[in-house]
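Just so you know, we're using full-length UniProt numbering here: the sequence shown kicks off at 1 and counts up by one.
Here a beta-carbon is modelled for each residue, glycine too, at the ideal position from N, C-alpha and C.
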Amino acid sequence: DKKSATAAHDPVAAQPVKPTVFDCLFGSTWDETSTFPGVNAAPVVRKVHSLALTLSLPDTSAEQAGGSGGAAAGSGVAGSAGAEAGKADAAGGGSCSFADALSHCVCKQSDTRAWCVERSKYRHAKQRKQLREAPNALWLHAAELPASVMQGWEEKHATPWLPPKFYLVMPAAAASAAAAPTAEGAPTAEGAAPPPEAAPPPEAARPADATDADGGASDAAAEAAATTADADAGTDADTRQAREGGTEGVAEAGENPPPHTATPRACLSRPEDSEGVEVATYSLRGLICFSQSELAHADEGSGHLILFFRLPCKDGDSAEAAQRVHIDPIPCAEHFGEEGQWFMWNDFVLTPVTEEQVLPLHSTWKRPCVVLYTRSDLSERLDTLPLQPRETVSVAASLSYDFSLEEPRQPSTELSFQPLAASELPLRAGQLVAIDAEFVAVSKEVTRSSARGKTIVVKPARLSLARVSCIRGDGPLAGAPFIDSYIQQAEPVVDYLTRFSGLHPGDLDLSVSRHHITTMKAAYVKLRQLVDAGCVFVGHGLKKDFEMINVVIPRSQIVDTVDLFYLPGARRISLRFLAWHLLGMQMDNRVQGTHDSIEDARTALELYKKYLELRAESAVEQMIEQLYDIGRETHWEVPE
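Structure (structure tokens):
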């Protein structure tokens, strides 16, 4: 057939897609069943894969008032204005618990328009989305819930709306369906298009005729009658069953019932009768809340996010796990409780908190945005998780020449560097690489004057990586650059910071620049290849550079010359002063009042070699003291 022929010519397409770590942790599979009232047609069933779930309220009348714009489970799409208004009114009395909202979302029915193959036209459809299997972690979006939901429940029941633990009851029929092989193929991503053979033409491109040749008028009448009958049903039967504790759902109105009627549900207490069902226990693991700013100068709706997270007492054998990923094991704190310790990350402040401080919510200063629940048996279920913390990205070089450390196939300009030759690859662990980076400003700092006339920085300037240079640290070509990338900016540059970066307008413009222009992604991938290979980075002030680049490099792979020649408690010494005193050289770019990343990286490399010579002679401490003495005498200025 067509699929097998395509797979035969494309071996990559024939290979099954391996699940990622995110799929193993947050992935969930749903049954999406569409039935057409008034049409004698088989239900259209497909599997949908989702990584997140949007919490919404179980209010059928509001959903019907909102029409087809209602929120879909796992899609993260908000309902219409009518639906949200109805849900807010329903929640005002505090009658909707967390279990009600989650039960509604794991088995949800909605009205929509879908393509009917039997009638070859778009028709009104009843769509049902049901969770197939309890996921390892539930990533819940709660920002769309009205604030009255939490406050109404807490005022009425004197208990937090957000439970520290809940139970997800999965019917045996759904669990067996998830485990059994099906003929439906691989799950479709949430919101993705249907398979090509089932894809309908765009609805806007089809004429909206009142009648069709095959009796469209009778179809329209049957559809209207079926829709009216469904509306007269009045309530969401599945939601009532979930609230009352039943495990059996009610078949949909119309001629075509769903494949199975058992529905999953959430409850706050463990069900006594668990025969024929699977009960998964979930515990609160993390919470992201929005705190609205109340400052007078703040914009309306501005604020910041607060993270609450629970560090478990023990998720498994930390020593064994640390050995597998080649890191030091983290000792378990003795004061942690049985369920672990909660922490609050509020802006730059990290504070231990109690569970009683985490659970209460507030519509202004603690409005929930994202809630994370994990299964209690998560450690046992993830024993075979395909974690590869040392997985390299060198394979990216074979996908694009922009990612390769070798010379480009057709360089657009004369290169200011000599790329690595095939004889220099692969890179070896411990190989020295001198590095320096330059930045430009993509937004200016925002300031205001205080009552005393002082200038207060409300928002600092935002910098972006603009140039990165890497130099060989050893070998026959030691001191020769092999990376000198000028990075094309995705945002307009408001200040090139020429005095500090050495960059001028036009240097980052692909149409006029005489330099080698590349993308931010290509620069990151190249740096990642050096990190994975175990290269040791040598530079001056690397801590700040790596923070601005937003890349994490092990300390064992960093040699910062600003720390090599430093006396604790004293000032840091500039690169130009170190080069003048230790190497007896004047840095040309500093004399001209600008910077050059290649010269800065090469100078840092020479300083490191000088340090190694002094260390071999046991003269490092003596030289550092001499450095500070001369610096005080010259006021840290380099003689011309």
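The beta carbons of residue 293 and residue 302 sit about 5 Å from each other, so the pair counts as a contact at 8 Å.
Three or more beta-carbon pairs separated by less than 8 Å are not found between the segment 510–518 and the segment 439–450, which leaves the two stretches without contact. A distance of 7 Å or more separates the beta carbons of residue 102 and residue 134.
Its Cα nearest to that of residue 486, the residue 524 stands out among 474, 285, 524, 452. Secondary structure of residue 153 (DSSP, three-state): helix. DSSP places residue 523 in the helix class (H, G or I) of the three-state scheme. Per DSSP, the beta bridge partners of residue 346 are 306, 349.
Taking 8 Å as the upper bound for CB-CB distance, residue 559 and residue 577 are not in contact here, some 19 Å apart. If you look at residue 49, you'll find it in the beta strand (DSSP E) that goes 44–50. For residue 611, the CB contacts under 8 Å within the same chain, skipping 5 residues up- and downstream, are 561, 564, 565, 620 in chain order.
Put simply, the backbone Cα of residue 542 is about 51 Å away from that of residue 31. For residue 270, the CB contacts under 8 Å within the same chain, skipping 5 residues up- and downstream, are 167, 279, 281 in chain order. About 7 Å separates the beta carbon of residue 104 from that of residue 56, a gap short enough to meet the 8 Å contact definition. Counting along the chain, the unbroken beta strand (DSSP E) around residue 459 starts and ends at 455–459.
As computed with DSSP, residue 467 is found in a beta bridge with 438, 486.
A residue is called buried when at least 16 other Cβ atoms come within 10 angstroms of its Cβ; residue 456 does not meet this threshold and is exposed. In the DSSP annotation of this structure, the continuous segment of the alpha helix (DSSP H) that includes residue 603 starts and ends at 597–616. In this structure, residue 574 lies away from residue 436, with their beta-carbon atoms at least 7 Å apart.
Under the three-state reduction of DSSP, residue 428 is assigned to coil, being neither helix nor strand. Between residue 309 and residue 276 a beta carbon distance of about 36 Å is seen, past the 8 Å cut, so the two are scored as non-contacting. Relative to residue 580, the option among 606, 556, 533, 547 whose CA is nearest is 606. Partner residues in the beta bridge of residue 126, as assigned by DSSP, are 35, 111.
Annotation: residue 285 is outside any alpha helix (DSSP H); the continuous beta strand (DSSP E) that includes it extends over 277–292. According to the DSSP assignment, residue 553 belongs to no alpha helix (DSSP H), since it is labelled neither H nor E. A straight-line Cα-Cα distance of about 17 Å links residue 122 and residue 128.
Going by DSSP, residue 367 is part of the beta strand (DSSP E) stretching over 367–375. Comparing C-alpha distances from residue 625 to each of 568, 599, 602 shows the shortest one belongs to 568. Per DSSP, residue 450 lies in no beta strand (DSSP E) and is assigned neither H nor E. In the structure shown, residue 462 falls within a strand segment according to DSSP collapsed to helix, strand and coil. In this structure residue 29 is not in contact with residue 171, their Cβ atoms being roughly 15 Å apart against a cut-off of 8 Å.
Cβ neighbours of residue 266 within its own chain (closer than 6 Å, five residues either side excluded): 99, 102, 103, 166, 168. For residue 104, the enclosing alpha helix (DSSP H) has its first and last residue at 98–106.
The criterion of a C-beta distance shorter than 7 Å is not satisfied by residue 371 and residue 25. In the displayed model, residue 167 falls within a strand according to three-state DSSP.
Boundaries of the beta strand (DSSP E) harbouring residue 539: 536–539, taken from the DSSP string. If you check the CB distance, residue 602 and residue 479 come in under 7 Å.
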